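Step one of this worksheet: look at the structure below.
Numbering (this note's numbering), first residue to last: 5 to 270.
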């Protein structure tokens, strides 16, 4: 099938599943889809849909699966996911989404599969993600995400698949949890700032012998400058005193020569 998704589809208020995947639909996702309050499965992946994702989709309280992957969707993800009380799977991978990862994902306690890969999302993984305790699959690969890998991911006992490859993560690779079980080098490849985990082929993390405490550094630098300045002043005064004494000694010698010379003369 091809063409546009009919706008009057929003009138089918008793619809439980809307499965239009693997077609050639283009254009926008009708706002009316957000009126399908009984909808549990919305499958629109592998089409040619464009424009932004209607915010109304994220207010479907009975929706369990949302799949919009492999389209041409743009814009950012909505900031509020709290209305999606039953959501289990969110897959919006392989689009052109930008912006940050919404912190409100953490309010979806039933979420087990989150795939945001192959977009242009940026910034770090929010601290609020630690509330996704039922997460089994997390795919954030091929974005512009940065920062360190959150330590709480090693505590997710249900997490069986984690993909963070080709981002801008940095710092030490965690130990424990999924990082000791189900992860391999392909899951983290393409993050040039990562280190540690030799078994995965990453270089060891360098230990900086210089004090890492910024406050200590800010204190030591002025103190060292004062000490060096004091030493310079002392050396200058000593050299000046030495130069003053040397002419006096030469004058005394000259006077002794004159007296000696006069005594010799008849």
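All residues carry an ideal CB built from backbone N, CA and C; glycine is no exception.
For clarity, every value in this text was computed on a predicted model and none was experimentally measured.
For residue j and residue i, the rounded distance between their alpha carbons
{"i": "residue 105", "j": "residue 190", "result": "23 Å"}
{"i": "residue 186", "j": "residue 46", "result": "30 Å"}
{"i": "residue 64", "j": "residue 173", "result": "33 Å"}
{"i": "residue 241", "j": "residue 233", "result": "13 Å"}
{"i": "residue 228", "j": "residue 62", "result": "59 Å"}
{"i": "residue 208", "j": "residue 195", "result": "14 Å"}
{"i": "residue 15", "j": "residue 149", "result": "39 Å"}
{"i": "residue 12", "j": "residue 93", "result": "26 Å"}
{"i": "residue 18", "j": "residue 179", "result": "48 Å"}
{"i": "residue 66", "j": "residue 60", "result": "13 Å"}
{"i": "residue 70", "j": "residue 81", "result": "13 Å"}
{"i": "residue 215", "j": "residue 226", "result": "Bear in mind that a pLDDT of 48 at residue 215, under 50, signals an unreliable position, so the number given afterwards is only what the model happens to contain. So the alpha carbons of these two residues sit roughly 15 Å apart."}
{"i": "residue 157", "j": "residue 236", "result": "54 Å"}
{"i": "residue 53", "j": "residue 24", "result": "11 Å"}
{"i": "residue 27", "j": "residue 33", "result": "14 Å"}
{"i": "residue 154", "j": "residue 55", "result": "32 Å"}
{"i": "residue 21", "j": "residue 128", "result": "34 Å"}
{"i": "residue 88", "j": "residue 103", "result": "20 Å"}
{"i": "residue 204", "j": "residue 184", "result": "10 Å"}
{"i": "residue 107", "j": "residue 164", "result": "22 Å"}
{"i": "residue 5", "j": "residue 29", "result": "7 Å"}
{"i": "residue 95", "j": "residue 79", "result": "16 Å"}
{"i": "residue 101", "j": "residue 77", "result": "7 Å"}
{"i": "residue 169", "j": "residue 91", "result": "25 Å"}
{"i": "residue 119", "j": "residue 7", "result": "27 Å"}
C-beta contact flag for residue i and residue j at 9 Å
{"i": "residue 160", "j": "residue 192", "result": "no"}
{"i": "residue 72", "j": "residue 43", "result": "no"}
{"i": "residue 177", "j": "residue 201", "result": "yes"}
{"i": "residue 140", "j": "residue 121", "result": "no"}
{"i": "residue 126", "j": "residue 86", "result": "no"}
{"i": "residue 145", "j": "residue 117", "result": "no"}
{"i": "residue 9", "j": "residue 38", "result": "no"}
{"i": "residue 124", "j": "residue 143", "result": "no"}
{"i": "residue 58", "j": "residue 35", "result": "yes"}
{"i": "residue 175", "j": "residue 210", "result": "no"}
Buried or exposed (CB count within 10 angstroms, at least 16 for buried), residue i
{"i": "residue 109", "result": "buried"}
{"i": "residue 231", "result": "exposed"}
{"i": "residue 98", "result": "buried"}
{"i": "residue 260", "result": "Confidence in residue 260 is poor, its pLDDT being 49 and thus under 50, which makes the residue's placement unreliable; the coordinate value appears in the next sentence. Exposed is the call here."}
{"i": "residue 133", "result": "buried"}
{"i": "residue 263", "result": "Its pLDDT being 46, under 50, residue 263 is placed unreliably by the model, and the measurement read from it follows with that caveat. Its Cβ having fewer than 16 others within 10 Å, residue 263 is exposed."}
{"i": "residue 272", "result": "The structure shown does not extend to residue 272, since the chain spans only 5 to 270, so no value can be given for it."}
{"i": "residue 213", "result": "Summary for residue 213: the model assigns pLDDT 44, below 50, so the residue's position carries little reliability; its value from the coordinates is reported in the next sentence. It counts as exposed."}
{"i": "residue 51", "result": "buried"}
{"i": "residue 75", "result": "buried"}
{"i": "residue 167", "result": "buried"}
{"i": "residue 114", "result": "exposed"}
DSSP three-state assignment for residue i, whether helix, strand or coil
{"i": "residue 33", "result": "coil"}
{"i": "residue 62", "result": "helix"}
{"i": "residue 125", "result": "strand"}
{"i": "residue 180", "result": "coil"}
{"i": "residue 22", "result": "strand"}
{"i": "residue 109", "result": "helix"}
{"i": "residue 97", "result": "coil"}
{"i": "residue 230", "result": "helix"}
{"i": "residue 132", "result": "helix"}
{"i": "residue 46", "result": "strand"}
{"i": "residue 239", "result": "helix"}
{"i": "residue 56", "result": "strand"}
{"i": "residue 39", "result": "helix"}
{"i": "residue 9", "result": "coil"}
Closer than 8 Å: residue i CB and nearest the ligand FMN heavy atom
{"i": "residue 70", "result": "The ligand content of the structure shown is nil, which means the ligand FMN is not present either."}
Check: Taking only runs of the alpha helix (DSSP H) that begin and end inside the segment 150-206, which ones reach a length of at least 4 residues, in chain order?
Finding: none
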